[in-house]
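Residue numbers (full-length UniProt numbering), protein chains in the order written: chain A, 1 to 307; chain B, 1 to 307; chain C, 1 to 307; chain D, 1 to 307. Glycine is no exception: its CB is placed at the ideal position from the N, C-alpha and C atoms. A short worksheet on the structure shown next.
Protein chains: 4
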Amino acid sequence: MTRFTGIIPPLCTPFRDDFTIDVDSLRRHLDVQLAAGIHGVFVLGSSSEVAFLPDRQRRVVIETTVAHVAGRVPVLAGCIDMTTLRVAEHIRVAEEAGADALVVTAPYYTRTHTAEIEQHFRLLRSRTELPIFAYDIPMAVHTKLDRAMILRLAGDGVLSGVKDSSGDEAGFSALLLGRRDRGLTDLAVFTGSELVVDLALRMGADGAVPGLANVDPAGYVSIFDRVRAGDLDGARREQERLLRLFAITSAAPPERMGRGSAGLGAFKAAMKMRGFIDNSVMAPPQLPLNDEELLSIKGTLTEAGLL
Amino acid sequence: MTRFTGIIPPLCTPFRDDFTIDVDSLRRHLDVQLAAGIHGVFVLGSSSEVAFLPDRQRRVVIETTVAHVAGRVPVLAGCIDMTTLRVAEHIRVAEEAGADALVVTAPYYTRTHTAEIEQHFRLLRSRTELPIFAYDIPMAVHTKLDRAMILRLAGDGVLSGVKDSSGDEAGFSALLLGRRDRGLTDLAVFTGSELVVDLALRMGADGAVPGLANVDPAGYVSIFDRVRAGDLDGARREQERLLRLFAITSAAPPERMGRGSAGLGAFKAAMKMRGFIDNSVMAPPQLPLNDEELLSIKGTLTEAGLL
Amino acid sequence: MTRFTGIIPPLCTPFRDDFTIDVDSLRRHLDVQLAAGIHGVFVLGSSSEVAFLPDRQRRVVIETTVAHVAGRVPVLAGCIDMTTLRVAEHIRVAEEAGADALVVTAPYYTRTHTAEIEQHFRLLRSRTELPIFAYDIPMAVHTKLDRAMILRLAGDGVLSGVKDSSGDEAGFSALLLGRRDRGLTDLAVFTGSELVVDLALRMGADGAVPGLANVDPAGYVSIFDRVRAGDLDGARREQERLLRLFAITSAAPPERMGRGSAGLGAFKAAMKMRGFIDNSVMAPPQLPLNDEELLSIKGTLTEAGLL
Amino acid sequence: MTRFTGIIPPLCTPFRDDFTIDVDSLRRHLDVQLAAGIHGVFVLGSSSEVAFLPDRQRRVVIETTVAHVAGRVPVLAGCIDMTTLRVAEHIRVAEEAGADALVVTAPYYTRTHTAEIEQHFRLLRSRTELPIFAYDIPMAVHTKLDRAMILRLAGDGVLSGVKDSSGDEAGFSALLLGRRDRGLTDLAVFTGSELVVDLALRMGADGAVPGLANVDPAGYVSIFDRVRAGDLDGARREQERLLRLFAITSAAPPERMGRGSAGLGAFKAAMKMRGFIDNSVMAPPQLPLNDEELLSIKGTLTEAGLL
């Protein structure tokens, strides 16, 4: 059984112009990430444009990643779909492709309920041997996972981990405390925020899944190492540098496009500028950044010493 | 080119205990609907548990329906998925299966924007010859379709229809007026509400897509016929009867399960009680109604003269 | 005991440049309304900028109105504040000033609950002899009134009426049906929408409280009269004319100002253009409409034959 | 000019059975707080039931507090109302009563806009000499304050401080960074959370306004002192102890009452159990805790060593 810890970037997915997976870029991006010292990779998370990928492209992403990583770090695979039977299909693919763990959200599109979400995780548990992470992302699924339910499912061996992208740091702190008070030492707890990673680690989180690590993996690894070494001031400074870098995600204004396009577009543009990938195209119907926005991103990267 | 009008029920999907499609029940349910005089069927809408159906089950639903209906009424097929490329895959299946029109929501899971939603419909338009209906269902996708965008897309030949399940009757009225003022006579406009069908028809809607028609198709056909015949009082009385019948959807309280399970569970239970289908099981992770709730539904059906 | 029925406009409040009440304009506006045949007036509702008025200005509005109307039609007074004790103070003022009925929302600012909202109305009932209308306006107070609670409170003599500005026409229809089924003939039910008045009356509503009647009271009186006379087509045409007129409320775009300012600013600008009031200034911190927006409103009024 | 720093509890307001202010209890509670070493008090914030207090009771609270504190620590006064002119009235009272600073939210009840919120603060600035804190509390007012606006207003001398109760710790971190990058050394930044105070201080916050300090002021003072002294582990342990104590706010379940009543009811019950105040009654229409809930709170206090 893999033990999960450290910086596990939610990988962006490089495309060719026809929206097939650019596997060369994907491998190069993986090399960049591994060279920076990341401790795992999370494919097919929200940052991967998983919501935009047809099933066969999803399979290419995970197969390419598992093959290229070749066991050096664990590979977590998002199994993102609306309800149990559809998620179960993605789980089967992830298993076949050799993923080390699965990441699953609450049901969405349907109007759900905590009792149903709990049922969802329990049923999926019965269909796979792989560790399951609960993915708490109300921004996407419009439901917040209930803390007592998570702890109950962890106690029953249903959940092996949590990726908390809810932005509720107080709730995250209470989750970590609940884990300790119940002795649930096997439950891995990760923050999905890129903006308070040092604080999450200080609170006892096992690690982070920061989207911005696609652009600067070394920065997040440095935060992790510094907190481990007790250099909290250094970790804070690094986090603040990355908080400034995060400004690239608002280069495109909300009047012009969705916050999804603006954020992922900025990540991909920066990844291309840094040479990690060849093509920053995003899957439809997302809109491309314009020249002015790209120039602003370039400026921010330069200030951050990344170009 | 099919012209769309009248009562087009969003069909519930009968399952066997293993959650495969109960095609015998589906055919029997279609016979019941056709015998009642409905003017079209909408498969793979929200009432079909489309969010719960794996792709191969979706295909069975649409193929079975198209074959069984055999051209007697148009078959609309929901192509419900998160973004453009994924929806495009469902469109291909619906085309192959012989659907007469496609029903498509705004993107979801991702944080979207009107400019991206518009792009979404335009790109899909370029991929199919079939009429596309925009499905306005903020309850599921958490975005309301912009009225000016709908009218613009209709003017450009991108949209052939709208199914408005937003519950915003004032906006619906403005949409109908906008259609008339712009001379968009080819745009079919349907209400997705089951509760104000007579009023929607009075405002100029072409028809309705009422979930409750799964339980009482004749009632909705009667409303349509009466409004056509100028019997507005009779239509109102019939709508009020159906409004009372709708109480079955809250037999299960919100403390116990999601409003999706409660509503669809009630429809399926009533369909079984009325002999339309054999099995009222719902796809996971939805919870089943309990005996007390089923008894309450039976009582309401009896009062309504449907048992 | 006054019986409430018909068109009861929620009066806008004319100000002088120092934001004191322009009582001359208020009286002139009342004369315009009464001459148009309205059946009551509602002062200190949301359209009055009640949220912007200090207590002493609120008192001036209601005293001026009661004195000027002089019993010709009933005067309803909004008692809009966050919780019970604060609302009770406004009730005392409204009683002293001679209002005929009180209009009260759910608690807001605080995170409330149906049991507390019910308690709120019951406590207020014990403090006044005047009829109390429940004001269902989730847009402002972020809570929807529970239908079963309203009917229970009406049955217990706590509520004498409802003004439903929730935009939920299906729920409104169910409320009217619930009233009939329980024999609550004393409960007056009004729609607060200006866009579906004919339909609300058709469903059995006693009347409407349309903000747009500040600009065109005769139009709404005509809808009421036509529905009463069975001329449903005529009523529909009139409602459609007013729906087009309602476009003035979006002359100012959402990028530039709040939807409150845009709507009330348009009403006041149109009232001034039509000579009903002298000054269209709005209370701070609302922003004024600009010349282009005012010109657009003028154009819409001209098209509507109102200038 | 007062410099604001440290632990500034948002005081709960003790009532007599007739809902007048229990000034003896208020003074005793102030003594408890001051003895614990708190660095300021915030009266008429959300925890004070300000939304429930008539104006004359608000005045008693602030006058009693200013007189009793007698300059030992600064007194911040909430001026909580819907819009500019109404807030201005509360400001006048707070000035007369001798408050040291004012705390003001965005407009509410009305549908507002950042341009209007900015106008709101600028207009209020022109009406008082006292420092103004922006109170960011979307839970109550349903709008999040824009970070760029806050920094702009601070740069222009409009705002002297921010109390951030939004729960958005990433945004809070960005605000602190923005303050530093712009050299806005005069802007006091406080977290309104009680659950991540040590982390907020670590990020550079000047202090905290924790509701739970009504129950355990010494705990929060200890966190502040420890962070100052560099004892981050000790601060974390203390914060975790208080996080466990916070469980009292969910003794009453969400099915039974609003989260406001449940939280403030728990604070007041605990304050009474600890002898700080005589009466734990809450203003209407809030519901009282029942015996079982009180017993649970007593148990939590005992475990925490506070009884």
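Compute the beta-carbon to beta-carbon distance between residue i and residue j, rounded to the nearest angstrom, for a pair I have assumed lies under 8 Å.
i         : j         : result
Ala283(A) : Ala266(A) : Not quite, the Cβ-Cβ distance comes to about 15 Å (not below 8 Å), so this is no contact.
Ala200(B) : Ser160(B) : Not a contact, Cβ separation roughly 18 Å.
Ala115(A) : Leu294(B) : In fact, because the Cβ distance is near 18 Å, the residues do not count as touching under 8 Å.
Ser47(A)  : Leu264(A) : 6 Å
Ala101(D) : Phe4(D)   : 7 Å
Thr105(D) : Val141(D) : 5 Å
What are the boundary residues of the alpha helix (DSSP H) that residue i is part of?
i         : result
Tyr114(B) : The question names Tyr, but residue 114(B) in the sequence shown is Thr. Its alpha helix (DSSP H) spans residues 114-125.
Leu307(D) : Where Leu307(D) is concerned, there is no enclosing alpha helix (DSSP H), given that its DSSP letter is neither H nor E.
Ala266(A) : 259-273
Ile223(B) : 217-228
Thr143(A) : Where Thr143(A) is concerned, there is no enclosing alpha helix (DSSP H), given that its DSSP letter is neither H nor E.
Ile91(A)  : 84-97
Using a Cβ-Cβ cut-off of 8 Å, state whether residue i counts as contacting chain C.
i         : result
Arg16(D)  : no
Glu49(B)  : no
Thr65(D)  : no
Ser222(B) : no
Ser193(D) : no
For residue i, decide whether its Cβ has a neighbour in chain D, counting only Cβ atoms nearer than 8 Å.
i         : result
Val196(A) : yes
Met273(C) : no
Arg59(C)  : no
Ala174(A) : yes
Leu177(A) : yes
Leu212(A) : no
Arg244(A) : yes
Let's see if you can read the secondary structure: which residues bound the beta strand (DSSP E) around residue i?
i         : result
Ile38(C)  : Here Ile38(C) belongs to no beta strand (DSSP E), and DSSP marks it neither H nor E.
Val75(A)  : 75-78
Leu184(A) : First-last for Leu184(A): undefined, no H or E at that position.
Leu102(A) : 101-105
Gly161(D) : 161-164
Ile136(C) : Here residue 136(C) is Asp; the residue named in the question, Ile, does not match the sequence. It spans 132-136 - the beta strand (DSSP E) in which Asp136(C) sits, taken as one unbroken run.
Hey, residue i and residue j: beta-carbon distance below 8 Å or not?
i         : j         : result
Arg83(B)  : Phe52(A)  : The amino acid occupying residue 83(B) in the given sequence is Thr; Arg does not appear at that position. Against a cut-off of 8 Å, the Cβ pair of Phe52(A) and Thr83(B) comes out as a contact.
Leu11(A)  : Val41(A)  : yes
Val158(B) : Arg182(B) : no
His29(D)  : Ile7(D)   : no
Val103(B) : Cys79(B)  : yes
Leu243(B) : Thr300(B) : no
Tyr220(A) : Val197(A) : yes
Arg147(D) : Leu175(D) : yes
Phe276(A) : Val23(A)  : no
Should residue i be flagged as near chain B, meaning a C-beta pair shorter than 8 Å?
i         : result
Met1(A)   : Any reading at Met1(A) needs caution, since the residue's pLDDT is 42, under 50, leaving its predicted position unreliable; the model's value is listed next. Not an interface residue.
Arg202(C) : yes
Glu240(C) : yes
Leu123(A) : yes
Consider the Cβ of residue i: report whether some Cβ of chain A lies at a distance smaller than 8 Å.
i         : result
Glu169(D) : yes
Leu301(D) : no
Leu264(D) : no
Apart from the five residues just before and just after residue i, which ones in its own chain have a Cβ nearer than 6 Å to its Cβ?
i         : result
Thr65(B)  : Val43, Val75
Ser280(A) : Lys268, Ala269, Lys272
Arg154(D) : Reading the sequence as shown, one finds Ala at residue 154(D) and not Arg. Correct list, in chain order: Leu184, Leu187.
Arg127(B) : Ala88
Go through its chain and collect everything with a Cβ distance to residue i's Cβ below 7 Å, but skip five positions before and after it.
i         : result
Glu63(A)  : Ala97
Glu238(A) : Gly219, Ser222, Ile223, Arg226
Beta-carbon within less than 8 Å of residue i's beta-carbon, same chain only, minus the 5 sequence neighbours each way: which residues are those?
i         : result
Lys298(A) : Met273, Leu307
Measuring only from the beta carbon, is residue i closer than 7 Å to any heavy atom that is part of the ligand NAP?
i         : result
Gly192(D) : You won't find the ligand NAP in this model; it holds no ligand whatsoever.
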